[in-house]
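Accompanying notes for the structure given below.
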Amino acid sequence: MTTATTGLADPRVGAVLDEIARTAERNDPDVMKRAYATAADWPQPPTAQEAAELCAQAALPVHPQVGTFLYQLVRSLRPALVVEFGTSFGASTIYAAAALRDNGSGRIIGSELHPGKADRARSHLERAGLADFAEIRTGDAREQLGTLPGPVDLLLLDGWKELYLPVLKLLEPQLRAGGLVVSDNLPMLPPEFTDHVRTAGNGYLSQQLPLGDGIEFSVRLQEAA
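Counting in the numbering used here, the sequence shown runs from 9 upward without gaps.
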């Protein structure tokens with residue numbers, strides 16, 4: 009009997025994921041504390057661009073439980089196209105790309121608003137040996153994800169929370185029936201987003217899953233009219 013192995017066991021993949029995790033442990037608490045303190049003095053909540061600048065040095069990686077779940081979904085679904093909103097340093101992209109490589113086909117297109125983070129994500133993917141399965145687009149996801157090469161099989165939402173619903177609605181015409189939506193950081197999700205995916209008639213079957221700090225897991229039951 010042979011022992012099954014996964015792309016997550018690749019030493020290059022593990023080394024990069026570990027490096028991102030160490031960076032997050034070292035930097036993220038102080039970076040986020042300063043970001044919240046700075047924004048608290050502003051008369052209006054920060055825009056997505058302002059938040060990206062405040063959090064430019066924060067890795068904000070996906071929780072390993074969520075990352076492993078993404079890997080499992082990609083291996084099982086065998087998607088041709090995975091789309092990601094909020095790449096950051098590329099941890100979640102690596103989990104998905106490792107599964108695509110193991111599948112032997114497919115591509116993930118990620119979006120990252122901050123140019124420095126996008127560059128780091130590309131470097132991490134290159135070092136992990138996964139660059140051939142991923143493309144990182146720099147800029148506002150509402151512009152960068154407007155043109156895609158085909159139907160979306162799996163969508164990961166892990167960026168600026170107030171943009172979850174606009175990005176989802178942008179991509180709904182290309183989200184195929186049976187496609188999956190994984191929305192990270194459940195406690196921070198805007199009510200209008202969760203109302204949309206949980207309301208009968210909007211074309212989803214959705215529930216919470218206790219992975220990381222919680223995710224919303226939604227199945228697209230019908231294509232947009």
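We put the beta carbon where it would ideally sit given N, CA and C, even for glycine.
Where do the ends of the alpha helix (DSSP H) carrying residue i lie?
| i | result |
| --- | --- |
| Gln152 | Ala149 to Gln152 |
| Ala208 | Taken as a continuous stretch (DSSP letters only), Ala208 belongs to no alpha helix (DSSP H), as it is neither H nor E. |
| Ala47 | Pro19 to Ala48 |
| Leu219 | Per DSSP, Leu219 belongs to no alpha helix (DSSP H) and is neither H nor E. |
| Ala67 | Per DSSP, Ala67 belongs to no alpha helix (DSSP H) and is neither H nor E. |
| Thr101 | Ala99 to Asn111 |
| Leu178 | Tyr172 to Leu179 |
| Gly124 | Pro123 to Arg135 |
Could you check if residue i is buried or exposed, using at least 16 other CB atoms within 10 Å of its CB as the buried criterion?
| i | result |
| --- | --- |
| Gln52 | exposed |
| Pro37 | exposed |
| Ser96 | buried |
| Thr229 | The question names Thr, but residue 229 is Leu in the sequence shown. Exposed: under 16 other Cβ atoms inside 10 Å. |
| Tyr79 | buried |
| Gly209 | exposed |
For residue i, report the span of its beta strand (DSSP E) as first-last.
| i | result |
| --- | --- |
| Leu165 | Val160 to Leu165 |
| Glu143 | Ala142 to Thr146 |
| Glu224 | Ile223 to Arg228 |
| Phe93 | Leu89 to Phe93 |
| Ala185 | Leu183 to Asp192 |
| Arg115 | Arg115 to Glu120 |
Verify whether the separation of the beta carbon atoms of residue i and residue j is less than 7 Å.
| i | j | result |
| --- | --- | --- |
| Arg150 | Leu179 | no |
| Thr269 | Ala126 | The question about residue 269 has no answer here: the residues shown for the chain are numbered 9 through 233. |
| Asp166 | Ser100 | yes |
| Ala136 | Val21 | yes |
| Gly187 | Asp161 | yes |
| Ile117 | Val91 | yes |
| Ala43 | Leu62 | yes |
| Leu121 | Ala60 | yes |
| Pro157 | Gln182 | no |
| Gln216 | Leu194 | yes |
| Ala88 | Gly112 | no |
| Pro54 | Ala45 | no |
Going along the chain, which residues of its own chain have a beta-carbon closer than 7 Å to the beta-carbon of residue i, five neighbours each way excluded?
| i | result |
| --- | --- |
| Val74 | Asp192, Leu219, Gly220 and Ile223 |
| Met9 | Reliability of the predicted coordinates at Met9 is poor, the pLDDT of 43 falling under 50, and the value obtained from them is presented with this limitation in mind. Around Met9: no qualifying Cβ. |
| Leu133 | Gly98, Thr101, Ile102, Ala105, Ala139 and Ala142 |
What residues in its chain sit with their C-beta under 8 Å from that of residue i, if we drop five residues either side in the sequence?
| i | result |
| --- | --- |
| Val205 | Leu176, Val189, Ser191, Tyr212, Ser214, Glu224 and Ser226 |
| Gln152 | Ser119, Arg145 and Thr146 |
| Arg184 | Pro159, Val160, Asp161, Arg228 and Glu231 |
| Met40 | Cys63 and Ala66 |
| Leu85 | Asp161, Leu162 and Leu188 |
| Asp110 | Thr14, Gly15 and Arg83 |
Near residue i, which residues of its chain fall below 6 Å by C-beta distance, leaving aside the five closest residues on each side in sequence?
| i | result |
| --- | --- |
| Asp49 | none |
| Ile28 | Ala67, Pro69, Phe97 and Ala99 |
| Phe201 | Tyr172 and Leu173 |
| His71 | Gly220 |
| Gly94 | Asp166 and Gly167 |
| Phe77 | Leu219 |
Inset, instruction - Would you be able to state if there are at least three C-beta pairs under 8 Å between the segment 158-175 and the segment 122-141? - result: no
Inset, instruction - Specify whether the segment 100-107 and the segment 12-31 touch according to this definition: at least 3 beta carbon pairs, one from each stretch, less than 8 Å apart. - result: yes
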